[in-house]
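Engineer: My structure is below; once you've seen it, I'll send some questions.
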Amino acid sequence: QKEVEQDPGPLSVPEGAIVSLNCTYSNSAFQYFMWYRQYSRKGPELLMYTYSSGNKEDGRFTAQVDKSSKYISLFIRDSQPSDSATYLCATQSGNTPLVFGKGTRLSVIA
Amino acid sequence: KAGVTQTPRYLIKTRGQQVTLSCSPISGHRSVSWYQQTPGQGLQFLFEYFSETQRNKGNFPGRFSGRQFSNSRSEMNVSTLELGDSALYLCASSPGVNYGYTFGSGTRLTVV
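Line by line, the protein sequences are chains W and Z. Residue 70 in the numbering used here sits at position 70 of the first sequence, with consecutive numbering throughout. Numbering-wise, the numbering used here comes out as the position in the second sequence, counting from 1, plus 110.
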């Protein structure tokens, strides 16, 4: 079992839709959870950074962590064509390296 | 504030050659990590340096090596290149532990 599992998609939604992206992880020691967005030919860009369980909101983006079920989510409200990218979840425990999911490719259609 | 700078952006090398990639972190960031990204395996951790010391190492063969200089700039080297080393190599920097990482745009290495 991989440490972080993420559905690769692709996921295609109409503009204005609410998007839900999800990951599961296996290591209960993970404490830090991140979402990155990666456009084609670019490096990943940090979108959200959360510690332990709970929700964090930033504009149209909400990150949710449920440590009891080892489940992390990213919600995008009022999705825009500019949100079309690959979204990567990542987790970390203390000083250990980031462990990434393989990414979900999202297309928002105008 | 300048971001993470990686050079070169693109490289084409022949099997058996060696290559050196460079990364300049954000000013003040002391931690530099390297990742290999391929369509099949996603992002895989290579190594991390903090204040010139290797802090973590991923599960890659000894052909992959790195170092960090006193100004926090980092280099990674791949010797005896193989076709399977073709990938996007990403560098990320961070001020310290658990601050989140900022990535560069990567070096696209093609081995022919």
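The C-beta atom is built at its ideal place from N, Cα and C for all residues, glycine as well.
Applying a beta-carbon distance threshold of less than 9 Å, which residues of chain W neighbour Z/F213?
Structural biologist: Y36, Q38, K42, G43, P44, E45, L46
Engineer: Whose CA, out of Z/H139, Z/P149, Z/D195, lies closest to the CA of W/R105?
Structural biologist: Z/P149
Engineer: Suppose the cutoff is 7 Å on Cβ atoms and the five residues either side in sequence are ignored; what does the same chain contact list for W/S12 look like?
Structural biologist: S107, I109
Engineer: List, in chain order, every chain W residue whose beta-carbon is nearer than 9 Å to that of Z/G168.
Structural biologist: P97
Engineer: Can you tell me whether W/S69 is helix, strand or coil according to DSSP?
Structural biologist: coil
Engineer: Measure the Cβ-Cβ separation of Z/V188 and Z/Q128 and say whether it is below 8 Å.
Structural biologist: yes
Engineer: Counting only runs of 3+ residues fully inside the segment 112 to 163 of chain Z, write out the beta strand (DSSP E) ranges in chain order.
Structural biologist: Within the segment 112 to 163 of chain Z, the runs of beta strand (DSSP E) at least 3 residues long that lie entirely inside it are, in chain order, 115 to 117, 120 to 123, 129 to 134, 141 to 148, 152 to 160.
Engineer: What separation, rounded to the nearest whole angstrom, lies between the Cα atoms of Z/S137 and Z/T217?
Structural biologist: Their Cα atoms are separated by approximately 20 Å.
Engineer: What number of angstroms, rounded off, separates the C-alpha of W/F61 from the C-alpha of W/Y51?
Structural biologist: 16 Å
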